[in-house]
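Q:
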Amino acid sequence: MLFGLEKILAIPLGYLLWLIYRLVGNYFVAIFLLTLLVRAATFPLALKSQKMQADRARLAPRLERIQKKYAQDKKKLQEKQMALYEKEGVSLTGGCLPTIVQMIVLFGIIAVIYAPLTHLTRLPKEVVSSSLSAVAQKTQIVNEKEEEIKEPNKLSKTDRSGYYKELRLLMVAKHNKSEIVASLSQLTDEVRKGVSAEEYYSKIISVSEDFNFFGKTLLENPWNKKGFAGINILWVIPLISWLTAFASSMISMKFMNMAQSVQPGQGCQNNSMLIVMPLFSLFIAFTVPGAVGIYWISSNLIAVVQTIILNNIYNPVKIRAQAEKEYEERRRQKLEDKKRLAAARARENADLNAANQKSGGKTKAKKPSAKKPVNKEQNEQNVNADKQNGEPSKEEPPETGEPDNA
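The numbers in my numbering rise by one with no breaks, and the one at position 32 of the sequence shown is 55.
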């Protein structure tokens, strides 16, 4: 699937599943708890991604104004948007990492589910191989040489079914006891580690019984060669998988659309994702064993809860509303500052006009009319100063109306 990476991840995940299985004793409960633990382990990444969404929601009001202002200039619009993201330290791609990590872990978990004998019962690989060989001809699990000759450049059915070998062994083990026990008996005591062939067979059967689902086995694919003629109870699993995937996508998209502006054409893309992703989940659940579909349902249900928790911690809707409120407050404050500045300038202009008018009135009044009292001492000093400068005295009579005795 991922160049063998899923097999590497399957080792620690399988060990964890084995520990959980020993505690609860039920395969599907163990799968659900493993899914829960994996989601909890990747929660910090999901939280980081949610924070980035919240940061983008915080910038949404400003981005909308930029879009309106530069709607006719796409190049300028992109430059302004990138400048805003850079200024605010918001990454447009950082949120992809959690999704990539979760997808890689998903394939690791699927690899674990496809090998329950290896990971749940921790059977030695020789025991598993011997059991597979015992039923190979009846179940057509192994036919490598024939397939390689027929289609050398194509992925063989054996390679493709390699993930299903243990599941198919569990499906037929109950009806092939004698063949499996006989094959296991041929193993040396060193390989069997003192455990009898009958005990190993009992362990295989105990795992097989955990896959019963209303008379059907969850080791089968819901969709078989009969097509619609093969409708059975297993179809419930893909349908529930589709329903939970749709609910998860709808809740995530609801929070996202409420927080961010929908650009032209983006709404159609969101609607497409809302339809395509659940349909993809439906297709996958129909084409893999029902046991894998159970994991898919568990993952979708936990994703719904995780989305709600993340939006309570970093709610993009509230963050955007707060950003808009702060913007309106800054805008209101700016308008008030402009009004105060305009009023101050108006008062200043009025004072200047009044001063000019008052100054003009004084000049006219200097010729004959109303006179203000003048300090005699100051008047004499002014006269002496005029004499020293060689200028005639411009002493004016006192404004009190009294004669000057100087």
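For every residue, glycine included, the Cβ atom is placed at its ideal position computed from N, Cα and C. All of these numbers come straight from a predicted model, not from anything done at the bench.
Between which two residues does the alpha helix (DSSP H) carrying Asp78 extend?
A: Reading the sequence shown from its first residue, position 55 is the one you call residue 78. From DSSP, the alpha helix (DSSP H) with Asp78 extends over 66-92.
Q: Identify the residues that DSSP records as bridge partners of Phe236: which are they?
A: As a first step, residue 236 must be located in the sequence shown, where it is residue number 213. DSSP, once it has assigned bridges, lists Lys239 as partnering Phe236.
Q: For a test of the three-state rule: what should DSSP assign to Gln356, helix, strand or coil?
A: Sequence index remark: in the sequence shown, residue 356 carries index 333 (1-based). Correct three-state label for Gln356: helix.
Q: Would you grab the beta carbon distance between Pro434 and Leu242 for me? Rounded to a whole angstrom, and I think it's under 8 Å.
A: The requested residue 434 is not part of the displayed model; the chain covers only 24 to 429.
Q: Relative to the C-alpha of Asn323, which candidate in Thr58, Glu213, Ala53, Val218 has its C-alpha closest?
A: The sequence position of residue 323 within the sequence shown is 300, counting from 1. For Asn323, the nearest C-alpha among the options comes from Thr58.
Q: In whole angstroms, what is the alpha-carbon distance linking Ile136 and Asn244?
A: Sequence index remark: in the sequence shown, residue 136 carries index 113 (1-based). Sequence index remark: in the sequence shown, residue 244 carries index 221 (1-based). Roughly 14 Å between the two C-alpha positions.
Q: When you compare only the Cα positions, how much space is there between Ile155 and Arg215?
A: In the sequence shown, the residue the question calls residue 155 occupies position 132. In the sequence shown, the residue the question calls residue 215 occupies position 192. Note that residue 155 is Leu in the sequence shown here, rather than Ile. Going by the C-alpha atoms only, they are around 16 Å apart.
Q: Helix, strand or coil for Ser225, going by three-state DSSP, please let me know.
A: What you label residue 225 is simply residue 202 of the sequence shown in a count that begins at 1. Ser225 falls in the helix class under three-state DSSP.
Q: Can you tell me where the alpha helix (DSSP H) with Pro245 in it begins and where it stops?
A: The count along the sequence shown starts at 1 and reaches residue 245 at position 222. Run containing Pro245: none; DSSP gives neither H nor E here.
Q: Suppose contacts are defined by Cβ-Cβ distances below 8 Å. Is Leu107 in contact with Leu86 by that definition?
A: On the sequence shown, position 84 is the one that residue 107 refers to. On the sequence shown, position 63 is the one that residue 86 refers to. Contact flag set, yes.
Q: So, helix, strand or coil for Asn49, using DSSP?
A: As a first step, residue 49 must be located in the sequence shown, where it is residue number 26. Asn49: coil per DSSP, three-state reduction.
Q: Relative to the alpha-carbon of Thr144, which residue among Glu189, Thr122, Ser304, Ala159 has its alpha-carbon at the smallest distance?
A: Mapped onto the sequence shown, residue 144 falls at position 121. Comparing Cα-Cα distances from Thr144 to each of Glu189, Thr122, Ser304, Ala159, the minimum goes to Glu189.
Q: May I ask whether a heavy atom of the ligand HEM can be found less than 7 Å away from the beta carbon of Lys381?
A: The ligand HEM is absent from the structure shown, which contains no ligands of any kind.
Q: Please state whether the Cβ-Cβ distance between Tyr350 and Pro84 is less than 8 Å.
A: Looking up residue 350 in the sequence shown gives position 327. Looking up residue 84 in the sequence shown gives position 61. Contact flag set, yes.
Q: Here's the rule I'm using: 16 or more other beta-carbon atoms within 10 Å means buried, otherwise exposed. How should Leu358 be labelled?
A: Position 335 of the sequence shown holds residue 358. The residue is exposed, with fewer than 16 neighbouring Cβ atoms inside 10 Å.
Q: CA-CA distance, Ala53 and Ile132?
A: Position 30 of the sequence shown, counted from the first residue, corresponds to residue 53. Position 109 of the sequence shown, counted from the first residue, corresponds to residue 132. Approximately 12 Å, taken between the alpha carbons.
Q: Roughly how many angstroms lie between the CA atoms of Glu111 and Asn372, to the nearest whole one?
A: By one-based count along the sequence shown, residue 111 stands at place 88. By one-based count along the sequence shown, residue 372 stands at place 349. Glu111 and Asn372: Cα-Cα distance of roughly 42 Å.
Q: Could you tell me which of Phe306, Ala308, Pro339, Arg363 sits nearest to Lys277, measuring between CA atoms?
A: As a position in the sequence shown, residue 277 is number 254, starting the count at 1. The option with the nearest alpha carbon to Lys277 is Pro339.
Q: Excluding the 5 residues preceding and the 5 following Ala432 in the sequence, name in chain order all residues of the same chain whose CB lies nearer than 8 Å to its CB.
A: Missing from the structure shown is residue 432; the chain here goes from 24 to 429 and no further.
Q: How big is the Cα-Cα spacing for Asp96 and Arg355?
A: Walking along the sequence shown from the start, residue 96 turns up at place 73. Walking along the sequence shown from the start, residue 355 turns up at place 332. Cα to Cα, Asp96 sits roughly 29 Å from Arg355.
Q: Taking the alpha-carbon of Arg343 as reference, which of Lys74, Arg45, Tyr38, Leu100 has the nearest alpha-carbon?
A: In the sequence shown, the residue the question calls residue 343 occupies position 320. Nearest C-alpha to Arg343: Lys74.
Q: How many Å lie between Asp360 and Val61 at the Cα?
A: Your numbering for residue 360 matches position 337 in the sequence shown. Your numbering for residue 61 matches position 38 in the sequence shown. When rounded, the distance between both Cα atoms is 54 Å.
Q: Can you say whether Arg81 is buried or exposed, counting buried as having 16 or more other CB atoms within 10 angstroms of its CB?
A: Indexing the sequence shown from 1 puts residue 81 at position 58. When all chains shown are included, Arg81 counts as buried.
Q: Please classify Ile254: is it buried, with 16 or more other beta-carbons within 10 angstroms of its beta-carbon, or exposed?
A: Position 231 of the sequence shown, counted from the start, is the residue given in the question as residue 254. Exposed, because fewer than 16 other Cβ atoms sit within 10 Å of the Cβ of Ile254.
Q: Is Ala220 closer than 8 Å to Ser201 when the C-beta atoms are compared?
A: Reading the sequence shown from its first residue, position 178 is the one you call residue 201. Reading the sequence shown from its first residue, position 197 is the one you call residue 220. Cβ atoms of Ser201 and Ala220: not closer than 8 Å.
Q: Let me check understanding here. Comparing Cα to Cα, which of Tyr38, Pro67, Ser272 lies closest to Ile22?
A: Residue 22 cannot be examined here, being either before or after the span of the chain that is shown, 24 to 429.
Q: Do Val47 and Leu39 have their C-beta atoms within less than 8 Å of each other?
A: Position 24 of the sequence shown holds residue 47. Position 16 of the sequence shown holds residue 39. Not closer than 8 Å, so no.
Q: Does Phe234 pass the burial test, meaning 16 or more other C-beta atoms within 10 Å, or should it be called exposed?
A: Here residue 234 refers to the residue found at position 211 of the sequence shown. Classification for Phe234: buried.
Q: Measuring straight from C-alpha to C-alpha, what distance separates Val158 and Tyr187?
A: As a position in the sequence shown, residue 158 is number 135, starting the count at 1. As a position in the sequence shown, residue 187 is number 164, starting the count at 1. Rounded to the nearest angstrom, the two C-alpha atoms are 14 Å apart.
Q: Enumerate in chain order the residues of its own chain whose CB-to-CB distance from Glu149 is below 7 Å, with the five nearest sequence positions on each side excluded.
A: Start at 1 with the first residue of the sequence shown, and residue 149 comes out as number 126. Only Leu210, Val214 meet the Cβ criterion.
Q: I'd like the span of the alpha helix (DSSP H) that includes Gln104, first residue to last.
A: Translated into positions along the sequence shown, residue 104 becomes position 81. Its alpha helix (DSSP H) spans residues 97-111.
Q: When DSSP labels each residue in this structure, what does Gln209 get in the three-state scheme?
A: Counted from its first residue, the sequence shown places residue 209 at position 186. Correct three-state label for Gln209: coil.
Q: State the Cα-Cα distance for the pair Lys390 and Lys381, rounded to the nearest angstrom.
A: For the purposes of this step, residue 390 is identified with residue 367 of the sequence shown, where counting begins at 1. For the purposes of this step, residue 381 is identified with residue 358 of the sequence shown, where counting begins at 1. Reliability fails at Lys390, whose pLDDT of 45 lies under 50, so the model's placement of it is uncertain and no value is given.
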